[in-house]
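Position 55 of the sequence shown, counting from 1, maps to 1120 under my numbering, and the rest follow consecutively.
One structure is given below, encoded as structure tokens.
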Amino acid sequence: MTGKRRGRQYATDQLNLALFVSLAAQFQGYCRDLHDDAAVQIALSLVPGSERQAPVVLNALVRSRKLDVGNASTGGIGNDFAVLGMPFWPNVKAAYPSKGPKWNATLDSLNVVRNAVAHSQADKLADVRREQPLSLATFKKWRSSLNGAASGFDSVVGAYLQNLTGTGWD
């Protein structure tokens, strides 16, 4: 069943792919939460004392959000934060000139894997595997990269909100 290799290679491969899909889902959730928090802060900062109007503004800021219907792609994240008036990726790359492009590449690769698994596209999985193995080690490397991205995104969005509203993250 496994040839001369130890263990159940097929089952391990399937578990590894599940880890990548889970990582993509968790990062998408993080980005959506970050966008929500930023939108709330902007909505509440517009007219102090009129919290009843904030839901109307908030709804406009999150309507048709890409993060609600698709992957946390670089384009989708950029478009969603542009609705808040933020040039997201230019700000990330300005704050993190060496790490920003690496985070971008990790996110793009992760979404290719996620889509290939979710849509049963063996050819696309094979393309990714030619570049690097979809192993536990790769998963840990990508997770570490995206943990760094999350921290960086948080800082960049906080700085943007500080500049826009006069208050950063609490």
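Don't be surprised by glycine CBs; every beta carbon is placed ideally from N, CA and C.
For the region 1088 to 1167, the full-length alpha helix (DSSP H) segments reaching 4 residues or more read 1119 to 1127, 1139 to 1147, 1153 to 1160 along the chain. Only residues of its own chain outside the window of five on either side were considered, and among them Lys1158 have a CB closer than 8 angstroms to the CB of Pro1166, listed in chain order. In the three-state scheme derived from DSSP, where H, G and I count as helix and E and B as strand, Leu1229 is classed as helix. For the options Asn1228, Ala1215, Phe1204, Gly1233, the alpha carbon positioned closest to that of Tyr1161 is the one of Ala1215. With a threshold of 16 other beta carbon atoms within 10 Å, Arg1179 meets it and is buried. A residue is called buried when at least 16 other Cβ atoms come within 10 angstroms of its Cβ; Lys1131 meets this threshold and is buried. When the five nearest sequence neighbours on each side are left out, the beta carbons in the same chain lying within less than 8 angstroms of the beta carbon of Gly1217 are those of Val1157, Ala1160, Tyr1161, Lys1164, Gly1165, Trp1168, in order along the chain. When the beta-carbon positions are compared, Val1122 and Ala1108 come within less than 8 angstroms of each other. The beta carbon of Ala1104 lies closer than 7 angstroms to those of Leu1123, Leu1126, Val1127, Leu1149 in the same chain, with the five residues before and after it left out. C-alpha of Gly1140 to C-alpha of Ser1115: approximately 34 angstroms in a straight line.
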